[in-house]
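J.:
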């Protein structure tokens, strides 16, 4: 990808052209017409200085954290950041500048600076940037389809929820419990010289806890983390709904909403059970992986290696490269997994962390195949990468974690498609002779080309001759990515399909984080190496 | 202007504090001015200068607290952030663990700011990177690297009159060299307060040497091996442990520092007697902040002394509960070593594996601090005191506590950075027996 040169500069300052700050409301939205006015200042300034393409992102980024332990609220924090980032193409090269000075002159100067940086960077170019065409959308908007804005819910209600969760755990016999509610609102306005003015209001929420059980005499302890997921939803996610629950003999699992109190009660019983669980005998097992575990394996072993910038070597010094090299894709025959394995990239699925209307370079979002019937068929690309794969348009995977960060290729939701035959997790388990059923995620690690990984979990149930016979502990599974996905022998149907995700997928230098979801149904993997992780110090 | 002087910071913080109506209020201002240049495939890919300034306000009524932050600095925004923190505090339940804010304190000045680093420009960064790319081109290798310098400050003022200010400079350089076939890879990482100490040429030469030397790696069976960890590998291996030197979690029974039967392991011998780990904000090789964020002066402090646990950090709340003096979390970590060079450690090894770098380390079991991760960018078999051939990368499952019980020899400490947090440490290369590799990786 020769020619992807970027520069950036940020100038801090004070707001003039923005809205007057209302003191009486905790949260507010900036006026769209004001944002358009500011964006036009940047677009016109950049064009007059010689930019052939410009995009502008005006962002107000809000977070709220409610942090508790046992019967105490440890911290309540609101954070807010506001500013503008301007990216231009000039002389075939990228330039970027950002400022939190929101007056007309400062914005115009930032745009000029972006052009100057692009021109400076063009001296180092071997090949100009090739930007896939993108039609302008005019003035449009998109909002995460939330039912209840979590920022509008009184702090007391949120604190009370967490304290009731902690109380349930303590009454159930836990020694300690930590719980947290984490809210995100990205108010993003995008404008480009293609003629797009896109106003987006993105919401995310993550309720989670860790319950700890101690045996003081032996000095042993175990923990059980929440089976929730960070999601692209409003406060409705923490309002329990019986229709979203999957009841299994081992645990209650959650789809589009989460019953935090119920999970705390069950989790407390389970962490006590973990204390007395049998230490695993290392060896080969057939693994039955719940989506609360499998999502992270998908993220690390499918999501990251199919990022095109990694494949090409642009992340070599930090996150690494990828074993999914272009020759494997070009062959059309690379056996990534068994024929059951179909993996899609997606930026549209309701409730997921990756869902937006448009990406951070103004491309409408969509869905596409990465692995089709076990074969590698595509990657994840943005506008200046599309030509490398012979594509005529971007796949809409561009994201920046702040107005002050330059946008680049980030992972869309990457999800394993459910099986087409009617099959439940219990149907899968009853066919396993010697196996382990794993729920929840814990330790995770994978090499820099994504061959060798090791994952653990929250709960491990031993399967013998089709039946669950008890709980295990000290379990971690190790595999080679291609061997693992070729060992996939069963996938439950869509009635079991659920998403897990992360708020903090890290990439780039300087580092940026991104939120992403991964869906799947429960799946079986034959003959996977399991190690025992117990040690003495 | 993201970097405020002590006087400028104090003036702004006083202005913010004047808006406060709460019983207690703490305001803090942090700023960072950094510049970076990133390259891959022997060409610059991104470059930039970033300045950020952020204000945080924590208000407390009785024992009810709330915190709000903002990056807008007009008067209305300053008042808004104070009111918002007060509103949160009034809505919050009481926190019985809330500790009253400390009064005025005396803090010594840190030696963390180096004007030459603060004065770095895009040009000086470009020259340093051009030197690195030239090494790659001459060696017919592909360079991917990142150079970043930053100047930061942090200032706190509270309603009891405590004011603290610190400013520092930092420069980090990381370089990965690979051959075009993707069969060899090498790495080097450097971090300093002072740009004058950074030599991108020699760091890149080392990465190039490892890239060329790691081609045609042979597979060894996983198992227990004597390993020599270079400082960048040892640092990353121990960083989790450094972060876990906390008395409360130990006393609560949920840490590797917990004692069976209750309490913590202070005074217990937990590691080999060659192991001494301490903090010293005035160490000339690794200067650091001289005060903690909860307003306590930082001084030299031993954590592990000849293998014995000497101290754990105590928050102000936990110290009061346990009737001891608070021990602030340190601003730096230093591990003592010997005089041996890396070459000396190799020469004294009959059979072993030289580990250049570790990668993607994650906690497997907090009870024992068992970690997993992989070797990367140059792993070599040693026999009779010489490097014999490159070997394929391994996954390990090992605890730094077990590792520090199996110390054969320590070399001369050198400044090194964690490849995940980019924090700097002073750590020796170390020879460790019975290090546990559990599988092989095909990754290069």
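Residue numbers (our numbering), protein chains in the order written: chain A, 9 to 545; chain B, 395 to 838.
Note that the Cβ used here is the ideal one computed from N, Cα and C, for glycine as well.
I want to verify the contact list: residues of chain A whose CB lies under 9 Å from the CB of residue 485/B, in sequence order.
T.: 84, 162, 163, 164, 167
J.: I'd like the span of the beta strand (DSSP E) that includes residue 448/B, first residue to last.
T.: 437-455
J.: Please report how far the alpha carbon of residue 491/B lies from the alpha carbon of residue 80/A, in whole angstroms.
T.: 8 Å
J.: Just to confirm before moving on: does the CB-CB distance between residue 194/A and residue 69/A stay below 8 Å?
T.: Yes, they are a contact pair.
J.: Residues of chain A with CB under 7 Å from residue 464/B, in chain order?
T.: Chain A residues near residue 464/B: 88.
J.: Apply the 10 Å Cβ neighbour rule to residue 284/A and answer buried if 16 or more other Cβ atoms are within range, or exposed otherwise.
T.: exposed
J.: What does residue 217/A pair with, by DSSP beta-bridge criteria?
T.: Looking at the DSSP assignment, residue 217/A forms a beta bridge with 187/A.
J.: Taking C-beta pairs closer than 7 Å, name the residues in chain B that residue 324/A reaches, listed in chain order.
T.: 434, 538, 570, 572
J.: Under a CB-based cut-off of 8 Å, is residue 514/B close to chain A?
T.: No, because no Cβ of chain A sits closer than 8 Å to the Cβ of residue 514/B.
J.: Using only alpha-carbon positions, find the residue among 812/B, 795/B, 403/B that is nearest to residue 543/A.
T.: 795/B
J.: Flag this pair as yes or no: are the beta carbons of residue 508/A and residue 237/A separated by less than 8 Å?
T.: yes
J.: Should the region 301-319 of chain A be regarded as contacting the region 266-280 of chain A, the criterion being three or more beta carbon pairs within less than 8 Å?
T.: no
J.: What in chain B is Cβ-close to residue 228/A, meaning under 7 Å?
T.: Under the 7 Å cutoff, chain B gives 761.
J.: Please report the distance separating the alpha-carbon of residue 55/A from that of residue 441/B.
T.: 22 Å
J.: Looking at the unbroken beta strand (DSSP E) that takes in residue 77/A, where does it start and where does it end?
T.: 61-77
J.: Could you round the C-beta distance between residue 123/A and residue 203/A to whole angstroms and report it? I think they count as a contact, below 8 Å.
T.: At roughly 20 Å, the Cβ-Cβ gap does not stay under 8 Å, so residue 123/A and residue 203/A are not in contact.
J.: Find the nearest neighbour of residue 212/A within the set 228/A, 157/A, 257/A, judged by alpha-carbon distance.
T.: 157/A
J.: Which residues bound the beta strand (DSSP E) around residue 753/B?
T.: 752-759
J.: Examine chain A for any beta-carbon lying closer than 8 Å to the beta-carbon of residue 482/B, and answer yes or no.
T.: yes
J.: In its own chain, which residues sit with a C-beta less than 8 Å from the C-beta of residue 163/A, not counting the 5 before and 5 after it?
T.: 74, 84
J.: What does the Cβ neighbour count give for residue 737/B, buried or exposed, with the cut at 16 atoms within 10 Å?
T.: exposed
J.: Can you give me the Cβ contacts of residue 664/B inside the same chain, cut-off strictly under 6 Å, excluding the 5 residues immediately before and after it?
T.: 703
J.: Pull up the DSSP beta-bridge partners for residue 552/A, would you.
T.: A query on residue 552/A cannot be resolved here, the shown segment of chain A reaching from 9 to 545 and no further.
J.: Reducing DSSP to helix, strand and coil, say where residue 546/A ends up.
T.: Only positions 9 to 545 of chain A appear in the structure, and residue 546/A is not among them; the question remains open.
J.: Just the C-alpha distance for residue 422/B and residue 542/B, rounded to the nearest angstrom, thanks.
T.: Spanning the alpha carbons of residue 422/B and residue 542/B requires a straight line of approximately 25 Å.
J.: Sort 580/B, 743/B, 722/B by Cα distance to residue 782/B and report the nearest one.
T.: 743/B
J.: Report the option in 488/B, 449/B, 458/B whose CA atom is closest to the CA atom of residue 471/B.
T.: Here the closest residue by C-alpha is 449/B.
J.: I'd like to know if the region 519-537 of chain A and the region 469-478 of chain A are in contact, where contact means that at least 3 CB-CB pairs between them fall below 8 Å.
T.: no
J.: Please report the straight-line C-alpha distance between residue 590/B and residue 544/B, rounded to a whole angstrom.
T.: Distance from the CA atom of residue 590/B to the CA atom of residue 544/B, rounded to whole angstroms, is 14 Å.
J.: Is it buried or exposed for residue 241/A, if we count other Cβ within 10 angstroms and need 16 for buried?
T.: buried
J.: Apply the 10 Å Cβ neighbour rule to residue 681/B and answer buried if 16 or more other Cβ atoms are within range, or exposed otherwise.
T.: buried
J.: For the beta strand (DSSP E) holding residue 146/A, just list the boundary residues, first then last.
T.: 146-151
J.: Suppose you measure from the CA of residue 799/B to the CA of residue 755/B; what does that come to, to the nearest Å?
T.: 20 Å
J.: Taking the beta carbon of residue 245/A as the centre, do at least 16 other beta carbons fall within 10 Å, making it buried, or is it exposed?
T.: buried
J.: Along the region 222-246 of chain A, what residues have a CB closer than 7 Å to any CB found in chain B?
T.: 222, 224, 225, 226, 227, 228, 229
J.: Is there a Cβ of chain B sitting closer than 8 Å to that of residue 139/A, yes or no?
T.: Taking Cβ atoms only, chain B never reaches closer than 8 Å to residue 139/A, which makes this a no.
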